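S.K.:
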Amino acid sequence: MNWDWGAVSDFMPYFWKGLLVTLEALALGSLISFALGLVWTLLMRTPTRWVRWPVGILTEFVRDTPLLVQLFFLFYVLPEAGVTLSPLTTGVLGLGLHYSTYTMQVYRAGIEAVPAGQWEAATALSLPVRRTWTAVVLPQAVRRVVPPLGNYVIAMLKDTPMLMTIGVLEMLGRARLVSQQHFQFTEPLTVIGVAFVVVSYLASVCLRTLERRLVR
Amino acid sequence: MTAGLWELVLQGIGITLQLLVYGALLTVVVSFAVGAARTHRSRLVRFLAACYTEVFRGISALVMIFWVFFVLPVAFGWQLVPMWAGTLALGLTYGAYGSEIVRGALAAVDPAQREGGIALGFSPWQRLRLILLPQAVPEMIPSFSNLLVELLKGTALVSITGMGDLAFSGNLVRLALQQSGQIYAYLLLIYFVIAFLLTRGMRVLERRLKAEVAR
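So the protein sequences, as listed, match chains A and B. Residues in the first sequence are numbered consecutively from 0, following numbering that gives the first Met the number 0. Residues in the second sequence are numbered consecutively from 0, following numbering that gives the first Met the number 0.
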């Protein structure tokens, strides 16, 4: 095995660009998944089953099918329907939609974990619905919700390389481009492998610190 | 869609299922080996196992697949058959996730059970095999069921390297027909049906195992 440090330093400028795109996709995808997951959770709490069933089936369908194929679907089918989006936008939408079906479960578990006595106390104090949610339920639910949400952000980080397949130049896309130009696959691919381990390890350390803060 | 194109999709399903079965077997082996190693007496073994989990969980599955397909042959002179390369990449990655499941379930067994084993003079291996695993395995099934669905979704990634799995054959059909809505809808449905069957099958398995422990 021969390792060429020159190839590594040639790759580094592209690597930083790729890392930036990866983080951008991750940040936007997380925001969409947090918001959309909340929408799914609230829809699942509506009293009528005519809303709950379609939402339940749709979200289970999205959760159980490969993100890769969903990305292809969005990327090739939306333009046929007359909606043309940039690859990055499509990718962010795909990531957000896919992970919203996971975050909805986190929200649901967080809300259900608030003891029934808290709801009853809010009723006994005749708090309006708004106050019940903002002052009683949500502050308790958030503590339980943040750690698993953070885990899904880390999981999403590891799915961002899939955006390469629809032409987004994130870390893996950059690495592939550079290695095809220079016929050196080992260095760029190893660099981004290490980068993924480092970034996700740092993220999990941050998350653990945040968790400890919230418990206090 | 013509019959020929359907045949292509059928072959794709075959490859995806094959990859799923091999990948799942390797995942289970890696999970139990690494998960059990994390409860080992020696601190060094525990540390190495934790490193494995951290590294292979940290690397994205897709990066891992690229690495096995493009770096291994060049750097180490190992040219694997695509099926084995795919199995290796998926099994090592998802095995790292599975090892956390195994470790968690082993840690959740009542400590008195382990102490009872020590008091009866069981060796560590006997304790693991006869006392801890029979109680821990049924508890792992729901998590492994989720992991299996993740693995199924992961098999679609090998299509990028040109392996003719379901996602790849779908792309070929799209190129042949020049229309994407229908074929991708079919693909997603097929994946969903496989995932549905897997989760229901795992539920049956869980019920059987729990009944056996209760006896």
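Beta carbons are placed, not taken as given, at the ideal position from N, Cα and C, and that holds for glycine. Since the structure is predicted, the reported quantities are computational estimates derived from the model, not experimental observations.
Who are the neighbours of A60 of chain B on chain A, taking C-beta pairs under 8 Å?
M.R.: Within the second sequence, the letter at position 61 stands for residue 60 of chain B. Near A60 of chain B (Cβ distances below 8 Å), the residues of chain A are K157.
S.K.: Is it right to say D3 of chain A is buried, meaning 16 or more other beta carbons lie within 10 angstroms of its own, or is it exposed?
M.R.: Within the first sequence, residue 3 of chain A is the residue found at index 4, counting from 1. Under this definition D3 of chain A is an exposed residue.
S.K.: Report the residue from B:L187, B:A32, B:R206 and B:G11 whose alpha carbon sits nearest the alpha carbon of F218 of chain A.
M.R.: No information on residue 218 of chain A is available, as it lies outside the stretch 0 to 215 that chain A covers here.
S.K.: For a contact defined as C-beta to C-beta under 7 Å, what are the partners of I159 of chain B on chain A?
M.R.: As a working note, residue 159 of chain B is residue 160 in the second sequence. Residues of chain A passing the Cβ test: T164.
S.K.: Any contact of the region 138-155 of chain B with the region 9-22 of chain B, i.e. 3+ C-beta pairs under 8 Å?
M.R.: Short answer: they touch.
S.K.: So that I know if they touch, is there some Cβ in chain A lying closer than 8 Å to that of I66 of chain B?
M.R.: As a first step, residue 66 of chain B must be located in the second sequence, where it is residue number 67. According to the sequence shown, residue 66 of chain B is Trp rather than Ile. Yes, W66 of chain B lies at the interface with chain A (some Cβ there is under 8 Å from its Cβ).
S.K.: At a Cβ threshold of 8 Å, is S29 of chain A touching chain B?
M.R.: Position 30 of the first sequence, counted from the start, is the residue given in the question as residue 29 of chain A. So, not an interface residue.
S.K.: Does the CB of A166 of chain B have a neighbour CB from chain A at under 8 Å?
M.R.: Here residue 166 of chain B is taken as the residue at index 167 of the second sequence, counted from 1. Residue contact check for A166 of chain B against chain A: a CB pair falls below 8 Å.
S.K.: In the DSSP assignment, the alpha helix (DSSP H) including P65 of chain A goes from what residue to what residue?
M.R.: Working through the first sequence from its first residue, we reach residue 65 of chain A at position 66. Segment: none, P65 of chain A is in no alpha helix (DSSP H) and carries neither H nor E.
S.K.: Beta-carbon separation of G28 of chain A and V113 of chain A under 8 Å?
M.R.: For the purposes of this step, residue 28 of chain A is identified with residue 29 of the first sequence, where counting begins at 1. For the purposes of this step, residue 113 of chain A is identified with residue 114 of the first sequence, where counting begins at 1. Cβ distance not < 8 Å, so G28 of chain A and V113 of chain A don't count as in contact.
S.K.: Based on Cα-Cα distance, which residue from B:V80, B:L43 and B:G85 lies nearest to V62 of chain B?
M.R.: Along the second sequence, read from residue 1 onward, the residue named residue 62 of chain B stands at position 63. If we check each option's Cα against that of V62 of chain B, B:G85 comes out closest.
S.K.: Would you grab the beta carbon distance between S86 of chain A and G17 of chain A for me? Rounded to a whole angstrom, and I think it's under 8 Å.
M.R.: Here the question's residue 86 of chain A lines up with position 87 in the first sequence. Here the question's residue 17 of chain A lines up with position 18 in the first sequence. The sequence given here places Pro at residue 86 of chain A; Ser does not occur at that position. P86 of chain A to G17 of chain A, Cβ: 14 Å. No contact.
S.K.: What are the residues of the region 170-187 of chain B that lie near chain A, defined by any Cβ-Cβ distance shorter than 8 Å?
M.R.: N170, R173, Q178, S179, G180, Y183, A184, L186 and L187
S.K.: Taking the Cβ atom as the reference point for each residue, do L35 of chain A and S99 of chain A lie within a distance shorter than 8 Å?
M.R.: In the first sequence, the residue the question calls residue 35 of chain A occupies position 36. In the first sequence, the residue the question calls residue 99 of chain A occupies position 100. Their beta carbons are under 8 Å apart, which means L35 of chain A touches S99 of chain A by this criterion.
S.K.: Taking the alpha-carbon positions, what's the M170 of chain A to N170 of chain B distance?
M.R.: The sequence position of residue 170 of chain A within the first sequence is 171, counting from 1. The sequence position of residue 170 of chain B within the second sequence is 171, counting from 1. M170 of chain A and N170 of chain B have their C-alpha atoms roughly 24 Å apart.
S.K.: In the structure shown, what three-state DSSP assignment does H181 of chain A receive?
M.R.: Sequence index remark: in the first sequence, residue 181 of chain A carries index 182 (1-based). Three-state DSSP puts H181 of chain A in a helix.
S.K.: Please list, in chain order, all residues of the same chain as F219 of chain A whose beta carbon is under 8 Å from its beta carbon, the five residues on each side excluded.
M.R.: Outside the modelled stretch of chain A, which goes from 0 to 215, sits residue 219 of chain A, for which no answer is possible.
S.K.: Which stretch, first to last residue, makes up the alpha helix (DSSP H) that contains G36 of chain A?
M.R.: Numbered from its first residue, the first sequence carries residue 36 of chain A at position 37. Where G36 of chain A is concerned, the enclosing alpha helix (DSSP H) stretches over W4 to M43.
S.K.: Taking 8 Å as the threshold (beta carbon to beta carbon), is A70 of chain B in contact with chain A?
M.R.: Position 71 of the second sequence holds residue 70 of chain B. Before going further, note that residue 70 of chain B is Val rather than Ala in the sequence given. It does: the Cβ of V70 of chain B has a partner Cβ on chain A nearer than 8 Å.
S.K.: Assuming the contact rule is C-beta atoms closer than 8 Å, L216 of chain A and A24 of chain A should be a hit. Round their C-beta distance to whole Å, please.
M.R.: Because residue 216 of chain A is not part of the residues shown, which for chain A are 0 to 215, the question remains open.
S.K.: Taking 8 Å as the threshold (C-beta atoms), are G94 of chain B and L24 of chain B in contact?
M.R.: Counting from 1 along the second sequence, the entry for residue 24 of chain B is found at position 25. Counting from 1 along the second sequence, the entry for residue 94 of chain B is found at position 95. Here L24 of chain B is not near G94 of chain B, since their CB atoms are 8 Å or more apart.
S.K.: Here's a check: name, in chain order, each residue in its chain whose Cβ is nearer than 6 Å to the Cβ of F121 of chain B, leaving out the five neighbours to either side.
M.R.: As a working mapping, residue 121 of chain B is identified with position 122 in the second sequence. Annotation for F121 of chain B: no residue places its beta carbon closer than 6 Å to its own, counting only its chain and skipping 5 residues before and after.
S.K.: Kindly indicate if chain B contains any beta-carbon less than 8 Å away from that of P65 of chain A.
M.R.: For the purposes of this step, residue 65 of chain A is taken as residue 66 along the first sequence, with counting starting at 1. Output row for P65 of chain A: interface = yes.
S.K.: Who are the neighbours of M161 of chain A on chain B, taking C-beta pairs under 7 Å?
M.R.: As a first step, residue 161 of chain A is located in the first sequence; it is residue number 162 there, counting from the start. Going along chain B in sequence order, the residues near M161 of chain A (Cβ under 7 Å) are L61.
S.K.: Helix, strand or coil, according to DSSP, for F121 of chain B in the structure here?
M.R.: Stepping through the second sequence from its first residue, residue 121 of chain B is reached at position 122. If DSSP states are grouped into helix, strand and coil, F121 of chain B belongs with coil.
S.K.: Tell me, please, whether the CB atom of F191 of chain B is closer than 8 Å to any CB atom in chain A?
M.R.: Counting from one through the second sequence, the residue named residue 191 of chain B turns up at place 192. Interface residue, yes.
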